[in-house]
Each structure stands twice: as C-alpha cells, then as structure tokens.
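K.L.:
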Ligand SMILES: NC(=O)c1ccc[n+]([C@@H]2O[C@H](COP(=O)([O-])OP(=O)(O)OC[C@H]3O[C@@H](n4cnc5c(N)ncnc54)[C@H](OP(=O)(O)O)[C@@H]3O)[C@@H](O)[C@H]2O)c1
C-alpha cells in the first residue's frame, strides 16, 4: 500500500520493534507472579497458555508465569496451571526480584493492598481486578505507582470483559466526560430482567440466579448495590478525576422492588434497571447507585440478563456505549491478560510507568441526595375512600412537587392488610404517580407528611426516573 505522495506505509513494523525490545531486555521473558488462582486467575492462566505465541509476539518477549499464590495447595485447578509454581507464600511473588509483573486476582482488602504496595515499592508492574480495593485506595495506589514509575492496570475491575477503563483513560482522554450511566452488576440485571419478563418475585428470581451461578450464596454485595458502587467510584476516578469516599455515594439495591412496580413501570412506558449514575456538574459531581425507571425504548433498557453496559457522554464525542459480559472467568481474563500485555510491553520497551502519567485525581464534592433534581415514580398503598387521592396530590403540591401522571388501581398489588379499627373496613388500593422534575429534598418533605396520614397502609415505593 502507498500513501499519496508519501513513503509506503509499513503495516507490520514488528520485526524492528521486537528486536529493539529484545535488545533492551536481552530477550529475557517477562516473569509473572499471580496472587490468586480462582475464577479469574484460572481464566488468566488459560488465556496466557492458549495465546502464548501471539502474546509473545505482541510483547516482543515471552510471558512466563513464575509463581502462583493460593491458600490451598491441594485444591483442583485449571489444567493450564503447572502445579510446580504453586505456593502459599505471597512473599515468593512480591519479593522475588526476577518477577516483573504481579497480577492480583485474590480479591478483598487484606492482604491484597499490602502486597500490591510492596510490589510497587519493589518496582514491579501491577495488574489487578480488585474493585473493592480500588474504590477504597485507588488514588493512593495510582500515586504510589506513579512515584515509583511503574504501571498499575485494572481493566478487569469494572465491567469484566468490556473495555471501559481504557476507553476512559485513553480513548476519551481528549474529551470531557459529562455523564456516566451504567449497568454494572450482572446479578442485579439478571434478577430485574427475569422479574420483568416472567412476573417472578425478587426472591424467586434470586433463587434462579443462584441456581445458575449468577448470584453468590450470600448475594448482599450485589443485590444491595455495593459492588456497583465500588465500580462507579473507580469510573468516577477516571471520568471526573474524582477521589470519592464510598460513604458519599448514595447506594441502594433491588430488594424492595415488587412485581407490581415492574407492571406499573411498564404501563407508564418504563423499565426498571439498577443503574450507577455519575454526572460532572462543574463545581461538584453526582454519584448514585439505585433502581431507576428508564424509557423502554432506550438503549440501556434493552441490556438484558447478566450483560453490563456503560453509556458515556462526552462534551465533544456525544453518547458512546460499551456493552458486553461484565463478569466470568474468560471475559474478565481477557481484560486482565490485555493489561498484563500492556504492562509487559512497557517494561520490555523501557517505558514503564506511562499509563497514569498526567492523570489528576483529587477529592471532589459530591452533591447531597436531597439536592439532586429528578422525576420520581411513587407508589402508595392507601385506603380506598374519597379524598385520599386529593390529599396525596395536595401534600405533594404544597411541597412544590407537581404530578405528571397518576393512576389508581385496586386492590393493592402487595396485598397490604388493613391495620385495624375504622381502617380495617376500608380495602386498600395502589395510587401510582410520576412527578415532574423536582428536588429530592422537596419530595422527601412531602413523603414525610404523607407518612403521618392514617390512610397510608405501607411505606411508599420511590424510584427515580432517568432519560439516558
Ligand atoms: N469472578 C468474576 O467474574 C470477577 C469479575 C471481575 C472482577 N473480579 C475480581 O477479581 C478478583 C478475584 O475474583 P475471583 O472471582 O477470581 O475470586 P475467587 O474465585 O474467590 O479466587 C480467589 C483466589 O485467591 C486466592 N486467595 C484469596 N485470599 C488469599 C490469601 N489470603 N492468600 C493466598 N491466596 C488467597 C484463593 O486461593 P484458594 O483457591 O486456595 O482458596 C483463590 O485462588 C476479585 O477482586 C474480584 O472482585 C472477579
């Protein structure tokens, strides 16, 4: 191929670049130490073995697994593991001067944090998929890596196999990301999809997800929203340059969603998704994780089952979507091994420590929930008697919250029983309404007043509405 008026394009400069790299390291392989050999670690070993030739070509030198740290030496492992490299002593990885890249796929904060810090201090490149650790200590770890001129890569930590970290760090480095709207937890998305599509209860959909291996025996981290919150904090670090305390991220899960909410959402033209939402407002940022009604025809509404998606909005680029498998051994291993390749290539080329160069991450104010402006879905189980609808609308109106749509249907779908006394004679009905844009603090004031009314049979169901 020839470029017009220029020299021929060399589409395969590899022999030259590779020989340069070999000269730099004397052709020595990049030695890898793995901390953990579970779901993700097993996938990493498989990909490193299956794609070894291609990966060596891309890195310029072979990639070799020197040590793998586990707790239990007897446990069955993937066939790609050479059992001779197993150890229970992590010091054999982080303190071994021959190991160039430490891959942390053990999870949790202790001892992962101390081991990563030690690896960085000893000048090693680090790859991790540990969102919990990054959400708590990401900025400090990145600063440490930068000071030591080593790379810290973490594509596997958010969205499993979907390339969202690179997209934010590199592809959108020239733009200003204004908004992130994401489905970041496959367990929640699976449960909500099944509730919507089959009319199943939360408990039944959770049991199904557990039977299929999509939910843990203790599903709290997923269904209570914390996993998605950790991932949102990591995304906010790259999208908004924000160092955020997890206590500042409003986090709620999906346990309170009932079948009736799916039915009413559908009737109003919406689907319920568990969303992680980030906005850069200039003087502050908005970060929240909660069930959200979004229009049925929107792109995110059609991300079903265990799939994840991140919708980014850049000031210059506009909307952009990454979408795919957000967890699992091989999808996550694709991200981790690509990180290993990147870090190895930088070491082999003598340019380690460039990944985080110029990245600025600092504390930013997170807008309190009471100050956000949104539309709301509100479902009330109330006594079926004249005047109740008027009292609801009046109380909301007095607080400055105006109603866009309202429906009444009885008897109440959740079967709320009359409390007793005079109320016991009244059947209960659902009143469901959609508000216009309102400040959340005002909505909460109105709900506090409504909570004192005798006609209310159970706590209100509140979900925010977004138009992503
Ligand atoms: N699973 C996914 O789909 C996924 C997706 C994205 C990110 N991640 C992240 O990837 C990381 C690993 O997840 P995973 O699902 O692969 O976990 P996992 O299956 O529980 O594997 C953890 C591995 O680490 C080892 N380990 C844990 N603590 C240890 C310790 N103190 N000393 C030595 N070895 C220790 C375990 O050893 P034994 O085998 O001997 O018990 C096991 O091999 C986590 O940070 C997770 O959040 C996972």
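Numbering (our numbering), first residue to last: 30 to 497.
Cβ coordinates follow ideal geometry from the N, Cα and C atoms, glycine included.
Run through the DSSP bridge pairs and tell me what residue 114 is partnered with.
P.N.:
The residue you call residue 114 lines up with position 85 of the chain shown. DSSP output for residue 114 lists no bridge partner at all.
K.L.:
Measuring from the CB of residue 96, is there a heavy atom of ligand 1 at a distance below 7 Å?
P.N.:
The residue you call residue 96 lines up with position 67 of the chain shown. Outside the cutoff, so no.
K.L.:
Can residue 192 be considered in contact with ligand 1, in the sense that its beta carbon sits closer than 7 Å to one or more heavy atoms?
P.N.:
Working through the chain shown from its first residue, we reach residue 192 at position 163. Not so, every heavy atom of ligand 1 lies at least 7 Å from the Cβ.
K.L.:
Just verifying my parser: in three-state terms, what is the DSSP assignment at residue 375?
P.N.:
Taking the chain shown and counting its residues from 1, the one referred to as residue 375 is at position 346. Residue 375: helix per DSSP, three-state reduction.
K.L.:
Who are residue 403's beta bridge partners in DSSP?
P.N.:
The residue labelled residue 403 in the question sits at position 374 within the chain shown. Note: residue 403 sits in a beta bridge opposite 467.
K.L.:
Within 8 Å, do at least three Cβ pairs link the segment 180 to 199 to the segment 276 to 289?
P.N.:
Not touching, per the Cβ criterion.
K.L.:
Give the DSSP-derived three-state secondary structure of residue 411 in the structure shown.
P.N.:
Counting from one through the chain shown, the residue named residue 411 turns up at place 382. If DSSP states are grouped into helix, strand and coil, residue 411 belongs with the strands.
K.L.:
Report yes if the C-beta distance between residue 424 and residue 479 is below 8 Å; otherwise report no.
P.N.:
What you label residue 424 is simply residue 395 of the chain shown in a count that begins at 1. What you label residue 479 is simply residue 450 of the chain shown in a count that begins at 1. Result yes, Cβ atoms of residue 424 and residue 479 sit closer than 8 Å.
K.L.:
Within the same chain, show all residues whose beta-carbon is closer than 6 Å to that of residue 266, passing over the 5 residues directly before and after it, in chain order.
P.N.:
Mapped onto the chain shown, residue 266 falls at position 237. Closer than 6 Å at Cβ, skipping near neighbours: 167 and 390.
K.L.:
Whether or not the segment 251 to 266 and the segment 210 to 219 are in contact is what I'm after, with contact meaning three or more pairs of Cβ atoms, one per stretch, closer than 8 Å; do they touch?
P.N.:
Cβ pair count under 8 Å is three or more, so yes.
K.L.:
Give me the Cβ distance between residue 62 and residue 374, rounded to the nearest whole Å; I'm assuming they're in contact under 8 Å.
P.N.:
Working through the chain shown from its first residue, we reach residue 62 at position 33. Working through the chain shown from its first residue, we reach residue 374 at position 345. That pair is no contact at about 18 Å.
K.L.:
Note down the Cα distance separating residue 451 from residue 319, rounded to an integer number of angstroms.
P.N.:
Here residue 451 refers to the residue found at position 422 of the chain shown. Here residue 319 refers to the residue found at position 290 of the chain shown. Residue placement at residue 451 is flagged as unreliable, the pLDDT there being 47, under the threshold of 50; a coordinate-derived value is accordingly withheld.
K.L.:
For the segment 353 to 362 and the segment 325 to 341, state whether three or more C-beta atom pairs, one from each stretch, are separated by less than 8 Å.
P.N.:
In short, these stretches touch, since the Cβ pair count reaches three.
K.L.:
Provide the residue span of the alpha helix (DSSP H) that contains residue 160, from first to last.
P.N.:
Stepping through the chain shown from its first residue, residue 160 is reached at position 131. Where residue 160 is concerned, the enclosing alpha helix (DSSP H) stretches over 160 to 176.
K.L.:
Could you tell me whether the Cβ atoms of residue 369 and residue 92 are closer together than 8 Å?
P.N.:
For the purposes of this step, residue 369 is identified with residue 340 of the chain shown, where counting begins at 1. For the purposes of this step, residue 92 is identified with residue 63 of the chain shown, where counting begins at 1. It is a contact, given that the beta carbons lie within the stated cut-off.
K.L.:
Tell whether a beta-carbon distance below 8 Å holds between residue 207 and residue 308.
P.N.:
What you label residue 207 is simply residue 178 of the chain shown in a count that begins at 1. What you label residue 308 is simply residue 279 of the chain shown in a count that begins at 1. Contact: yes.
K.L.:
Report the rounded CA-to-CA distance for residue 386 versus residue 475, giving the unit in angstroms.
P.N.:
As a first step, residue 386 must be located in the chain shown, where it is residue number 357. As a first step, residue 475 must be located in the chain shown, where it is residue number 446. Whole-angstrom Cα-Cα distance: 49 Å.
K.L.:
Which value, in whole angstroms, describes the spacing of the CA atoms of residue 140 and residue 405?
P.N.:
Here the question's residue 140 lines up with position 111 in the chain shown. Here the question's residue 405 lines up with position 376 in the chain shown. Cα to Cα, the separation comes out at about 43 Å.
K.L.:
Should residue 102 be labelled buried (16 or more other beta-carbon atoms within 10 Å of its own) or exposed?
P.N.:
In the chain shown, the residue the question calls residue 102 occupies position 73. The residue is exposed, with fewer than 16 neighbouring Cβ atoms inside 10 Å.
K.L.:
Out of 361, 409, 396 and 401, point me to the one whose CA is closest to residue 69's CA.
P.N.:
For this step, residue 69 is matched to residue 40 along the chain shown. It is 361.
K.L.:
Using the Cβ count rule (16 or more neighbours within 10 Å means buried), how would you classify residue 279?
P.N.:
In the chain shown, residue 279 corresponds to position 250, counting from 1. Residue 279 is buried by the Cβ-count criterion.
K.L.:
Answer yes if the segment 152 to 162 comes into contact with the segment 124 to 143, meaning at least three C-beta pairs across the two stretches below 8 Å, and no otherwise.
P.N.:
Short answer: they touch.
K.L.:
With H, G and I counted as helix, E and B as strand and the rest as coil, what does DSSP make of residue 448?
P.N.:
Your numbering for residue 448 matches position 419 in the chain shown. Residue placement at residue 448 is poorly supported in this model, since its pLDDT is 49, which falls under 50; the coordinates are not used for a value here.
K.L.:
Does at least one heavy atom of ligand 1 sit under 7 Å from the Cβ of residue 117?
P.N.:
Reading the chain shown from its first residue, position 88 is the one you call residue 117. Answer for residue 117: yes, Cβ within range of ligand 1.
K.L.:
Where do the N-terminal and C-terminal ends of the alpha helix (DSSP H) with residue 222 fall, by residue?
P.N.:
Within the chain shown, residue 222 is the residue found at index 193, counting from 1. Unbroken alpha helix (DSSP H) run through residue 222: 215 to 227.
K.L.:
Could you name the residues of the same chain whose beta carbon sits closer than 7 Å to that of residue 162, not counting the 5 residues immediately before and after it, in chain order?
P.N.:
In the chain shown, residue 162 corresponds to position 133, counting from 1. Cβ neighbours of residue 162 beyond the five flanking positions: 138, 141 and 142.
K.L.:
For the candidate residues 94, 331, 116 and 110, whose alpha-carbon lies nearest to that of residue 100?
P.N.:
Position 71 of the chain shown, counted from the first residue, corresponds to residue 100. When each option's Cα is compared against that of residue 100, the closest is 116.
K.L.:
Going by C-alpha distance, which of 494, 327, 287 and 305 is nearest residue 409?
P.N.:
If you number the chain shown from 1, residue 409 lands on position 380. Comparing Cα positions, the closest option is 287.
K.L.:
Any heavy atom of ligand 1 closer than 7 Å to the beta-carbon of residue 69?
P.N.:
Counting from one through the chain shown, the residue named residue 69 turns up at place 40. Because some heavy atom of ligand 1 lies under 7 Å away, the Cβ of residue 69 counts as near it: yes.
K.L.:
Using 8 Å as the cut-off, can you tell me whether the segment 393 to 400 makes contact with the segment 117 to 126, which would need three or more C-beta pairs spanning the two stretches below that distance?
P.N.:
Contact between the segment 393 to 400 and the segment 117 to 126 is absent, because fewer than three Cβ pairs lie under 8 Å.
K.L.:
Thinking residue 66 and residue 74 are a contact (beta carbons under 8 Å), I'd like their distance in whole angstroms, please.
P.N.:
Here residue 66 corresponds to residue number 37 of the chain shown, with the count starting at 1. Here residue 74 corresponds to residue number 45 of the chain shown, with the count starting at 1. Right, the Cβ-Cβ distance comes to about 7 Å (below 8 Å), so this counts as a contact.
K.L.:
DSSP three-state label for residue 270, please.
P.N.:
Numbered from 1 along the chain shown, position 241 holds the residue referred to as residue 270. Coil at residue 270, not helix or strand.
K.L.:
With a Cβ-Cβ cutoff of 8 Å, do residue 411 and residue 460 count as a contact?
P.N.:
The count along the chain shown starts at 1 and reaches residue 411 at position 382. The count along the chain shown starts at 1 and reaches residue 460 at position 431. Their beta carbons are under 8 Å apart, which means residue 411 touches residue 460 by this criterion.
K.L.:
So residue 13 is in the alpha helix (DSSP H); what residue range does that whole segment cover?
P.N.:
A query on residue 13 cannot be resolved here, the shown segment of the chain reaching from 30 to 497 and no further.
K.L.:
Between residue 295 and the rest of its own chain, which residues show a CB-CB distance below 8 Å, the 5 nearest in sequence each way excluded?
P.N.:
As a first step, residue 295 must be located in the chain shown, where it is residue number 266. Closer than 8 Å at Cβ, skipping near neighbours: 225 and 325.
K.L.:
To the nearest angstrom, how far is it from the Cα of residue 202 to the Cα of residue 272?
P.N.:
Within the chain shown, the letter at position 173 stands for residue 202. Within the chain shown, the letter at position 243 stands for residue 272. Distance between the alpha carbons of residue 202 and residue 272: 18 Å.
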